[in-house]
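Going by numbering that gives the first Met the number 0, the letters in the sequence shown line up with residues 0 to 273, in that order.
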Amino acid sequence: MNYKALLFIVLPILGFVSCIEEEPINSIDQELKSAIIQASPNQSLNDFILPSSGDLNNIPQDSKNILSTAKVELGRQIYHDTSFGIKANLAEGIGTYSCASCHAAKAGFQACLPQGIGEGGLGFGARGETRFVNPDYEDADIDVQPVRTPSVLNIAYQEVVLWNGQFGATGVNANTQDQWTEGTPKETNHLGFEGTETQAIAGMKVHRQDVDEDFVLTSDYKALFDVAFSNEFEENRYKLENAGLAIAAYERTVMANQAPFQDWLKGNANALSD
Numbered sequence: 000m001n002y003k004a005l006l007f008i009v010l011p012i013l014g015f016v017s018c019i020e021e022e023p024i025n026s027i028d029q030e031l032k033s034a035i036i037q038a039s040p041n042q043s044l045n046d047f048i049l050p051s052s053g054d055l056n057n058i059p060q061d062s063k064n065i066l067s068t069a070k071v072e073l074g075r076q077i078y079h080d081t082s083f084g085i086k087a088n089l090a091e092g093i094g095t096y097s098c099a100s101c102h103a104a105k106a107g108f109q110a111c112l113p114q115g116i117g118e119g120g121l122g123f124g125a126r127g128e129t130r131f132v133n134p135d136y137e138d139a140d141i142d143v144q145p146v147r148t149p150s151v152l153n154i155a156y157q158e159v160v161l162w163n164g165q166f167g168a169t170g171v172n173a174n175t176q177d178q179w180t181e182g183t184p185k186e187t188n189h190l191g192f193e194g195t196e197t198q199a200i201a202g203m204k205v206h207r208q209d210v211d212e213d214f215v216l217t218s219d220y221k222a223l224f225d226v227a228f229s230n231e232f233e234e235n236r237y238k239l240e241n242a243g244l245a246i247a248a249y250e251r252t253v254m255a256n257q258a259p260f261q262d263w264l265k266g267n268a269n270a271l272s273d
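Below, the structure is given as structure tokens:
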């Protein structure tokens, strides 16, 4: 049996149902628990319960990108902010797209369309369902996803990411440097991060995002970068790589079982930047 496949199937389900111990266990719950016990006899059911989004110490993380509340909040803001969409092919596209353009929270952090649209898209909708191609764009200038956008839910449990697992320098991708083609997004694997971090950094480049240092230094972002990356010299702090690491930190907290920590972050963003 493919235990990893089973793990990704049951994690979201257990996240929703495992906390409600007072209610009677129905037959589906019992069948699921029995299947888990049979597949993993040396583990307890508690091993399959997702941590809360705020329980940073128990969320799987890259040792080169340790989670912190400030880093997660910085990543959350960048993730939803079109201010980083500054590498647009056309001037009219600048500042019109963000990570959330193709990973809408209410759509399970994926595109509510067969193909997500970054630059060259208009509209959004609560789940991104009303985003459409800007008729003023030529096909060659549109940033449209070639396949359905993967969700970031529970991405902390993936060591390599994307449908083909091409991002990540560890796990099954270790010692595959000959496949990290120079001049392609896979080259980002040479930074040595796990898949979530690699994809976030490479994704910013692929999807025409960048960090305008002048913008950061004159906005609330400076304080967040300063706290999140206080161990780095200022001249290296406000860079795309750190923005990608912050996005990855936020994505690792996006759990299928709950969203309270995301709400807490929104309500305490100002306190974190003080």
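The C-beta atom is built at its ideal place from N, Cα and C for all residues, glycine as well.
Item	Value
Coarse secondary structure for V171, derived from DSSP in three states	helix
Exposed unless 16 or more other CB atoms sit within 10 angstroms - verdict on N256	buried
Unbroken alpha helix (DSSP H) run spanning K204, endpoints	G194 to V205
Close beta carbons around V151, own chain, < 7 Å, minus the five adjacent residues each side	H102, F108, E250 and V253
Contacts around P143, its chain only, beta-carbon distance under 6 Å, and the 5 residues preceding and following it disregarded	It should be pointed out that residue 143 corresponds to Val in this sequence rather than to Pro. So the qualifying residues of the chain are Q114 and I116.
Helix, strand or coil at A87 [DSSP, three-state]	coil
Anticipated Cβ contact below 8 Å, N172 with N188, distance rounded	7 Å
V226 - containing alpha helix (DSSP H), residue span	Y220 to A227
Which residues DSSP lists as bridging A248, in chain order	Per DSSP, none; premise fails for A248.
Contact check, S62 vs I77, beta carbons under 9 Å	no
Length of the line joining the Cα atoms of E240 and D177	23 Å
Whole alpha helix (DSSP H) elements within the stretch 60-143, 4-residue minimum	68-79
Other residues of its chain near S229: CB distance less than 7 Å, five sequence neighbours each side excluded	none
Closest by C-alpha distance to A247, when choosing among Q29, A69 and N41	A69
Minimum C-alpha distance to A245 - residue among S82, A38 and F224	F224
Beta-carbon contacts of V159 that lie in its chain and below 7 Å, excluding the five residues immediately before and after	F166, G167, G170, V171, N172 and G194
Cα-Cα separation, W179 to E91	33 Å
For M254, three-class secondary structure by DSSP	coil
Three-state class that DSSP yields for F166 in the structure shown	strand
C-beta contact flag for Q208 and A242 at 9 Å	yes
K221 to V215 span [Cα, whole Å]	5 Å
Selected residue, minimal CA-CA separation from R126, among K105, E118 and Q29	K105
Contact check, H79 vs A110, beta carbons under 9 Å	no
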